[in-house]
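Residue numbers (our numbering): 2 to 251. Positions of the beta carbon are idealized from the N, C-alpha and C atoms, including for glycine.
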């Protein structure tokens, strides 16, 4: 059953969870995704089957939460996730971050490492507003963004284009993780498809090289795309979460 949590900023965050064995697992969705996506639901079924505590939620402007997508920013969604982690879980959690959720997970790890037992990323997209959108914009798109405060970009996942706002880009610069030390003092498993057209393999390699920690591994899956939602890919996600849980228990 979906429940609502009000954040200190007055946003209402939709969430679903189950009590169970700890440490709990928290799913962090991607850009314009929500907690009813394939990976979130697969992990819910996995948690029901294994008895693991599990929580999934929608950032503001996503899914059933309050607000509109265009009003949001990385800082807002990071604050939403931090509130969820603080208010709805106890003790260190294993974070599972998909695409933008990987960036949010890294921000949580930097801000509150005592609440992170481990991290699993799926096509992690740290700093994508800068190294993806801004770096890829033409001079005309940059000019339009600065002049109009927004620019539309095509979406591969629906008929409607993505609206990228000036606030999203500028706020993203305040939350970069690849431009400063990134200690990850817990088990980390990163999953990346080689056929991902949204997050290049190079990003995963750079993150692996940039982050510091004693137990960080990257698994490349030949032919997997950004969705990373085939039955084999979903099994790999489950195996990675279980591996992190075992490592965290040592």
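Ranking 173, 237, 189, 236 by CA distance to the CA of residue 215 puts 189 first.
The alpha carbon of residue 149 has as its nearest neighbour, out of 106, 133, 225, 166, the alpha carbon of 166. The count of Cβ pairs closer than 8 Å, one atom from the region 20–28 and one from the region 85–96, reaches three, so the stretches are in contact. The three-state secondary structure of residue 9, taken from DSSP, is coil. In the DSSP assignment, residue 99 forms a beta bridge with 123.
With distances taken between CA atoms, residue 136 lies nearest to 170 out of 170, 36, 234, 110. Counted as a single uninterrupted DSSP element, the beta strand (DSSP E) harbouring residue 153 occupies residues 151–154. Per DSSP, reduced to three states, the secondary structure at residue 187 is coil, with no helix or strand assignment. A direct Cα-Cα distance of roughly 14 Å separates residue 223 from residue 200. In the DSSP annotation of this structure, the continuous segment of the alpha helix (DSSP H) that includes residue 87 starts and ends at 75–89. The alpha-carbon of residue 2 is positioned some 12 Å away from that of residue 56.
Scanning its chain for C-beta atoms nearer than 8 Å, with the 5 sequence neighbours on each side dropped, one finds no residue around residue 11.
Here residue 92 carries a coil assignment [DSSP, helix/strand/coil].
The beta carbons of residue 213 and residue 185 sit closer together than 8 Å. Rounded to whole angstroms, the gap between the alpha carbons of residue 118 and residue 187 is 6 Å.
Burial is judged here by how many other beta carbons sit within 10 angstroms of a residue's own beta carbon; residue 205 has at least 16 and is buried.
86 is the residue among 208, 86, 115 whose C-alpha sits nearest the C-alpha of residue 8. A straight-line Cα-Cα distance of about 7 Å links residue 179 and residue 211. The closest CA to that of residue 177, considering only 84, 74, 50, 21, is found on 74. Under the DSSP assignment, residue 202 falls in the alpha helix (DSSP H) whose first and last residues are 202–211.
Judged by their CB atoms, residue 175 and residue 76 are nearer to each other than the 8 Å cut-off. The Cβ atoms of residue 59 and residue 110 do not sit closer than 8 Å to each other. Per DSSP, residue 54 is one residue of the beta strand (DSSP E) stretching across 53–58.
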